[in-house]
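Participant: Using our numbering, read the sequence shown as starting at 3 and increasing by one per residue. All residues carry an ideal CB built from backbone N, CA and C; glycine is no exception. Supplied in structure tokens, the structure appears directly below.
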Amino acid sequence: MRTASLRGTLALLACCASFTSIASAQAELRGDITSGMRWRHIGPVRAGRARALAGVPSAPNVFYAGFDNGGVWRSTDYGSNWVPIFDKESTGSIGAIAVAPSNPNVIYVGSGAGIIRPDLAVGDGMYKSVDGGATWTHLGLRNSQMIATIEIDPRNENRLFVAVLGHPYGPNSERGVFRSLDGGQSFERVLYRDEYTSANELYIDPTNPEIVYAALWQQQQSFIEGQGFNGTGGIYKSVDGGTTWKPLTDGLPIVQQANLAISRSNSNVLYATIANVASSTALSTVALYRSGDGGEHWTLAVQAPGVRSDAPRTTDPRPMGRIGGGDLPTLAIDPTNENVVYSASTVMWRTEDAGLSWSAVRGAPGGDDYQKIWIN
């Protein structure tokens, strides 16, 4: 599957790392072993782009993938075989999957393509399974049409947040961030700007579930490609469980669109890919920013072409190769090292020094299309 870095591929990276620790006396043998390792396609072969990925940390052989118009698939053998588990439901367009950390039998699915761009498919709201995907119940948010992210309280399977993109071709009020405290039986809209502004990203602090981060993105598509519009978005933080929110702005440009990642080894560390606004109609530059204090202050880690600053950072623009507008690079942080970050774009990139230098893990510019990364 070109569109996702699955558990099996990340296991391969771990194997490569273990080979590099072999004693120097075995260097020649080590080179022979690693040179023989190759990436391979593990499927499934249906439905193209995937923005919905979820694994089970306590069961690394289990993985879920959802496609823009191909339903939800599950593998229980590290990606060797896949079975569809959502074909009886009323939509096949999937934008988000989340497995409850406290109970892996509880799975939430948000329908509708999880990214707004010219080619998309809409859905009909939220679904839930309490038996590991054997059966599903429709929960609500039926008028949301597109859901980008679901975050579950790591200690409470019934408390969750949903980032709703809303209608891609017109205004509607069922968009923004919604919260449920009863397992999805009811939803309350807790972060909302206007009927054109979507929520596209969410993260709960893994050490304190009262702290929640979200990203808003104002945009609309047109039935004629290229005729839509983009406005200003922003990054927001709540410290009271999503009841109140404040914008995070210190060190950031005017944000049009943002994708976030939070470190599990140090939850004060966040990264954000930012599409900056040059005009009211176009995305101009994309850059990577880092915060070491829970989003209160940000510094530029990967600069876009033409952006100047005296702070040390890479001048390599390749990890931020996409220009936004739905294709803004997504991020994943190594759960054990806050300085190791992956960027999914036309290439899957990795930095081991918080963005100063980057190497290509997989892919070729202009040929591949990586959308999301999940790390056990």
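In the DSSP assignment, what residue or residues form a beta bridge with His140?
Facilitator: Within the sequence shown, the letter at position 138 stands for residue 140. Note: His140 sits in a beta bridge opposite Tyr129.
Participant: Take every Cβ of the segment 133-142, pair it with every Cβ of the segment 151-160, and state whether three or more of those distances are shorter than 8 angstroms.
Facilitator: The answer is no - the segment 151-160 does not touch the segment 133-142, with fewer than three Cβ pairs under 8 angstroms.
Participant: Lys1 bridges to which residues according to DSSP?
Facilitator: In this structure the chain extends from 3 to 378, so residue 1 is not present and cannot be described.
Participant: Kindly indicate which three-state DSSP category Ile377 falls into: helix, strand or coil?
Facilitator: Sequence index remark: in the sequence shown, residue 377 carries index 375 (1-based). Looking at Ile377 - three-state DSSP - the assignment turns out to be coil, as it is neither helix nor strand.
Participant: Alpha carbons only, please: which of Val363, Ala216, Leu262 and Pro255 is nearest the one belonging to Gly287?
Facilitator: If you number the sequence shown from 1, residue 287 lands on position 285. According to the sequence displayed, residue 287 carries Thr and not Gly. Taking only the C-alpha atoms, the option nearest Thr287 is Pro255.
Participant: Could you check what DSSP says for Gly365 in three-state terms: helix, strand or coil?
Facilitator: Indexing the sequence shown from 1 puts residue 365 at position 363. Strand.
Participant: Could you tell me which residues DSSP pairs with Met350 in its beta bridges?
Facilitator: Working through the sequence shown from its first residue, we reach residue 350 at position 348. Ala346 and Arg364.
Participant: Taking contact to mean at least 3 C-beta pairs separated by less than 8 angstroms, is the segment 93-107 in contact with the segment 66-82?
Facilitator: These segments touch.
Participant: In three-state DSSP terms, what is Ser37?
Facilitator: Within the sequence shown, numbered from 1, the residue matching residue 37 stands at position 35. Helix.
Participant: In or out: Trp360 buried (at least 16 other Cβ within 10 Å) or exposed?
Facilitator: Numbered from 1 along the sequence shown, position 358 holds the residue referred to as residue 360. Flag for Trp360 reads buried.
Participant: Please list, in chain order, all residues of the same chain as Ala356 whose beta carbon is under 8 angstroms from its beta carbon, the five residues on each side excluded.
Facilitator: Taking the first residue of the sequence shown as position 1, residue 356 is located at position 354. For Ala356, where only same-chain residues beyond five positions count, the Cβ hits under 8 angstroms are Arg292, Ala303, Glu340, Asn341 and Val343.
Participant: Can you grab the Cα-Cα spacing for the pair Trp219 / Gly168, in whole Å?
Facilitator: Residue 219 sits at position 217 when you count from the first residue of the sequence shown. Residue 168 sits at position 166 when you count from the first residue of the sequence shown. Rounded to the nearest angstrom, the two C-alpha atoms are 11 angstroms apart.
Participant: Compute the Euclidean distance between the alpha carbons of Leu193 and Ser131, then round it to the nearest angstrom.
Facilitator: In the sequence shown, counting from the first residue as 1, residue 193 sits at position 191. In the sequence shown, counting from the first residue as 1, residue 131 sits at position 129. C-alpha separation (whole angstroms): 26 angstroms.
Participant: Which same chain residues end up closer than 6 angstroms to Phe88 when comparing Cβ atoms and leaving out the 5 residues on each side of it in sequence?
Facilitator: Against the sequence shown, residue 88 aligns to sequence position 86. Within the same chain, Phe88 has close Cβ partners Gly73 and Val74.
Participant: Would you say the segment 113-123 touches the segment 222-231, given that touching needs at least three Cβ pairs under 8 angstroms?
Facilitator: They touch, by the three-pair rule.
Participant: Looking at C-alpha atoms only, which residue of Asn378, His299 and Arg364 is the closest neighbour of Pro337?
Facilitator: Reading the sequence shown from its first residue, position 335 is the one you call residue 337. Considering only alpha carbons, the answer is Asn378.
Participant: Got a sec? Which residues, its chain only, sit under 8 angstroms from Asp252 by beta carbon, not counting five neighbours each side?
Facilitator: Within the sequence shown, the letter at position 250 stands for residue 252. Excluding positions up to five away in sequence, the list reads Glu298, His299 and Trp300.
Participant: Cβ atoms of Lys374 and Ala56: under 8 angstroms apart, would you say?
Facilitator: In the sequence shown, counting from the first residue as 1, residue 56 sits at position 54. In the sequence shown, counting from the first residue as 1, residue 374 sits at position 372. No, these two residues do not count as a Cβ contact at 8 angstroms.
Participant: Once you ignore the five residues that flank Ser345 on each side, which residues in its own chain have a CB closer than 7 angstroms to its CB?
Facilitator: Walking along the sequence shown from the start, residue 345 turns up at place 343. Excluding sequence neighbours, Ser345 sits near Pro321, Pro331, Leu333 and Trp351.
Participant: Going by beta-carbon coordinates alone, are Leu272 and Leu262 separated by less than 8 angstroms?
Facilitator: As a first step, residue 272 is located in the sequence shown; it is residue number 270 there, counting from the start. As a first step, residue 262 is located in the sequence shown; it is residue number 260 there, counting from the start. Cβ distance < 8 angstroms, so Leu272 and Leu262 count as in contact.
Participant: Measure from the alpha carbon of Met128 to the alpha carbon of each residue in Arg157, Gly134 and Glu91, then state which is nearest.
Facilitator: Taking the sequence shown and counting its residues from 1, one reaches residue 128 at position 126. Checking every option, the nearest Cα to that of Met128 belongs to Glu91.
Participant: Under the three-state reduction of DSSP, which class applies to Ala313: helix, strand or coil?
Facilitator: Translated into the one-based positions of the sequence shown, residue 313 becomes position 311. Only weak support is given to the placement of Ala313: the predicted model assigns it a pLDDT of 45, under 50, and the value that follows is read from those uncertain coordinates. Coil.
Participant: Taking only runs of the beta strand (DSSP E) that begin and end inside the segment 187-239, which ones reach a length of at least 3 residues, in chain order?
Facilitator: As far as the segment 187-239 is concerned, its whole beta strand (DSSP E) runs of at least 3 residues are 190-193, 199-206 and 214-222.
Participant: When you compare only the Cα positions, how much space is there between Leu143 and Arg161?
Facilitator: Looking up residue 143 in the sequence shown gives position 141. Looking up residue 161 in the sequence shown gives position 159. Taking the straight line joining both Cα atoms gives about 16 angstroms.
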